[in-house]
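**Student:**
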Amino acid sequence: VPVFPWHSLVPFLEPSQSG
Amino acid sequence: APSSLPPYFIKGSIIQLADGELKRVEDLRTEDFIQSAEISSELKIDSSTVERIEGSQTSANFAVVQFSVGEHRSQVSVEVLLEYPFFVFGQGWSSCCPDRTTQLLELPCSKLSVGDVCISLTLKNLK
Numbered sequence: 006v007p008v009f010p011w012h013s014l015v016p017f018l019e020p021s022q023s024g
Numbered sequence: 116a117p118s119s120l121p122p123y124f125i126k127g128s129i130i131q132l133a134d135g136e137l138k139r140v141e142d143l144r145t146e147d148f149i150q151s152a153e154i155s156s157e158l159k160i161d162s163s164t165v166e167r168i169e170g171s172q173t174s175a176n177f178a179v180v181q182f183s184v185g186e187h188r189s190q191v192s193v194e195v196l197l198e199y200p201f202f203v204f205g206q207g208w209s210s211c212c213p214d215r216t217t218q219l220l221e222l223p224c225s226k227l228s229v230g231d232v233c234i235s236l237t238l239k240n241l242k
């Protein structure tokens, strides 16, 4: 049975925004 | 039309939290994401508020969701399948078309609406 990491399930938004 | 959603959204999928605990995707709670992000050395959770939901220009199966992301309120738009589930704080899985989500994935799902605050990820500041 495959096991998926929790962070796959929510989107990664705001790319390379900092400060 | 067949769904091209990732397999981990199908009901019963096994998800590993940052502390190693295993949960089914439909059993995940807001706290699971918050606690996992606290343990993570790289990822942090942002609050992304839904500002607008529109039909896609390119395909009837897609929607464009505009978010206001994080404390800087950066405007980010994503094009997703109508059945693509987002995780809303304190509410759980929500999509533009929850009927399709439930039909295709068997994942219990609410209707995603303007004003909903979704969980998203960003990198922790390295300072």
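Protein chains in written order, with our numbering: chain P, 6 to 24; chain U, 116 to 242.
Every residue, glycine too, gets a C-beta built ideally from N, C-alpha and C.
Predicted model, so just to flag it, every value in this text is computed and none were measured.
#1: What residues are listed by DSSP as bridge partners for U/Q181?
#2: Can you look up U/R215 in the DSSP assignment and give me helix, strand or coil?
#3: For U/S119, which of helix, strand or coil comes out of DSSP?
#4: Taking DSSP's pairing of strands, which residues face P/V8 in a bridge?
#5: Tell me which same chain residues have a C-beta within less than 7 Å of the C-beta of U/P200, skipping the five on either side of it?
#6: Go ahead and label U/H187 buried or exposed: buried means 16 or more other beta carbons lie within 10 angstroms of its beta carbon, across all protein chains shown.
#7: So U/Q218 contacts chain P; which residues on that side make the cut at Cβ distance below 9 Å?
#8: Tell me, please, whether the CB atom of U/L227 is closer than 8 Å to any CB atom in chain P?
#9: Below 9 Å between beta carbons is the criterion; list the residues of the segment 165-197 of chain U that meet it against any residue of chain P, in chain order.
#10: For U/D214, count neighbouring Cβ atoms within 10 angstroms of its own Cβ and tell me buried if that reaches 16, exposed if not.
**Tutor:** Result, derived from the coordinates:
#1: Working through the second sequence from its first residue, we reach residue 181 of chain U at position 66. Checking the DSSP bridge columns, you'll see U/Q181 partnered with U/R167 and U/S192.
#2: Along the second sequence, one-based indexing puts residue 215 of chain U at 100. If DSSP states are grouped into helix, strand and coil, U/R215 belongs with the helices.
#3: One-based indexing of the second sequence puts residue 119 of chain U at position 4. Correct three-state label for U/S119: coil.
#4: Counting from one through the first sequence, the residue named residue 8 of chain P turns up at place 3. Per DSSP, U/I129.
#5: By 1-based counting over the second sequence, the position of residue 200 of chain U is 85. Excluding sequence neighbours, U/P200 sits near F124, W208, S209, S210, T216, L222 and C224.
#6: Mapped onto the second sequence, residue 187 of chain U falls at position 72. That one is exposed.
#7: What you label residue 218 of chain U is simply residue 103 of the second sequence in a count that begins at 1. Neighbours of U/Q218 on chain P: none; closest Cβ ~20 Å, over 9 Å.
#8: Taking the first residue of the second sequence as position 1, residue 227 of chain U is located at position 112. So, not an interface residue.
#9: From the segment 165-197 of chain U, only F182, V184, G185, H187, S189, V191, V193 and V195 have a Cβ closer than 9 Å to chain P.
#10: Walking along the second sequence from the start, residue 214 of chain U turns up at place 99. Result: exposed.
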